[in-house]
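Numbering (my numbering), first residue to last: 18 to 147.
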Amino acid sequence: MVNDINEIKKIIEAKPEKIHIYVAPGWKWDVFEIAREIGKPDIGQIMGRSIKEHLHDNKKELADYAKKIVKRTTKINYVGKIDEYSVINDALEFISREVGSEVVVYKNPTYDPEGKSGNAMPYKPAIYIE
């Protein structure tokens, strides 16, 4: 996380005032688990089970995510669902010190001016720097 933030800071070449971290919502973890259980890149099966289990109401968003997760399931060593919010929140002081800016973490975003929270994935929170 610290490395990701520092890489973004290099690209934007500015000292950010605040860094916003958005963790993946529960439904994305559930779809990720389904994809892992299926074990092969089959978007149709992932979508079918996700819809059957009523994991997310927005089918377009669900389909877009299923396409992304198919690529990621083979690249990630899945250790189970973790409470990313609590893990990051517990490390906020360390993260803030390492990146030299105030850091805020969101489970249910109340502030998301660039719509970055939608990019959050299991094991890969979204980051917005201002």
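Note that beta-carbon positions come from the ideal geometry of N, C-alpha and C, so glycine has one too.
Subject >> Ser103 classed as buried or exposed, judged by whether at least 16 other C-beta atoms fall within 10 angstroms >> reply: Taking the first residue of the sequence shown as position 1, residue 103 is located at position 86. Ser103 is exposed by the Cβ-count criterion.
Subject >> Selected residue, minimal CA-CA separation from Asp100, among Lys84, Arg66, Val87 and Lys141 >> reply: Against the sequence shown, residue 100 aligns to sequence position 83. Taking only the C-alpha atoms, the option nearest Asp100 is Lys141.
Subject >> Assigned secondary structure, Ile28 (DSSP; H/G/I helix, E/B strand, else coil) >> reply: Walking along the sequence shown from the start, residue 28 turns up at place 11. Note: Ile28 maps to helix in three-state DSSP.
Subject >> Contact between the stretch 82-91 and the stretch 57-66 (3+ Cβ pairs under 8 Å) >> reply: yes
Subject >> Whole-angstrom distance between Met64 and His73, CA atom to CA atom >> reply: Residue numbering aside, residue 73 sits at position 56 when the sequence shown is read from its first letter. Residue numbering aside, residue 64 sits at position 47 when the sequence shown is read from its first letter. Each residue's alpha carbon lies about 10 Å from the other.
Original post:
What are the start and end residues of the beta strand (DSSP E) that includes Tyr123?
Top reply: For the purposes of this step, residue 123 is taken as residue 106 along the sequence shown, with counting starting at 1. Note, Tyr123: beta strand (DSSP E), Glu119 to Tyr123.
Subject >> Contacts around Val48, its chain only, beta-carbon distance under 8 Å, and the 5 residues preceding and following it disregarded >> reply: The residue given as residue 48 occupies position 31 in the sequence shown. Hits under 8 Å: Ile63, Ser67, Leu72, His73, Leu79, Tyr82, Ala83 and Ile86.
Subject >> Spatial distance of His133 from Trp46 (CA atoms) >> reply: Residue numbering aside, residue 133 sits at position 116 when the sequence shown is read from its first letter. Residue numbering aside, residue 46 sits at position 29 when the sequence shown is read from its first letter. Before going on, a small fix: residue 133 reads as Lys here, not His. Going by the C-alpha atoms only, they are around 17 Å apart.
**OP:** Look at the alpha carbon of Ala143 and the alpha carbon of Pro126, and state the distance between them as a whole number of angstroms.
**Re:** Your numbering for residue 143 matches position 126 in the sequence shown. Your numbering for residue 126 matches position 109 in the sequence shown. The alpha-carbon atoms of Ala143 and Pro126 are separated by roughly 11 Å.
Subject >> Met18 in three-state terms, based on DSSP >> reply: Residue 18 sits at position 1 when you count from the first residue of the sequence shown. Reduced to three states, the DSSP call for Met18 is coil.
Original post:
Residues bridged to Met138 by DSSP?
Top reply: Taking the first residue of the sequence shown as 1, we reach residue 138 at position 121. Per DSSP, Lys141.
Original post:
What are the partner residues of Lys35, as DSSP defines its beta bridges?
Top reply: Taking the sequence shown and counting its residues from 1, one reaches residue 35 at position 18. Bridge partners of Lys35: Glu119.
Original post:
Does the beta-carbon of Pro130 have 16 or more other beta-carbons within 10 angstroms, so that it is buried, or is it exposed?
Top reply: By 1-based counting over the sequence shown, the position of residue 130 is 113. Pro130 is exposed by the Cβ-count criterion.
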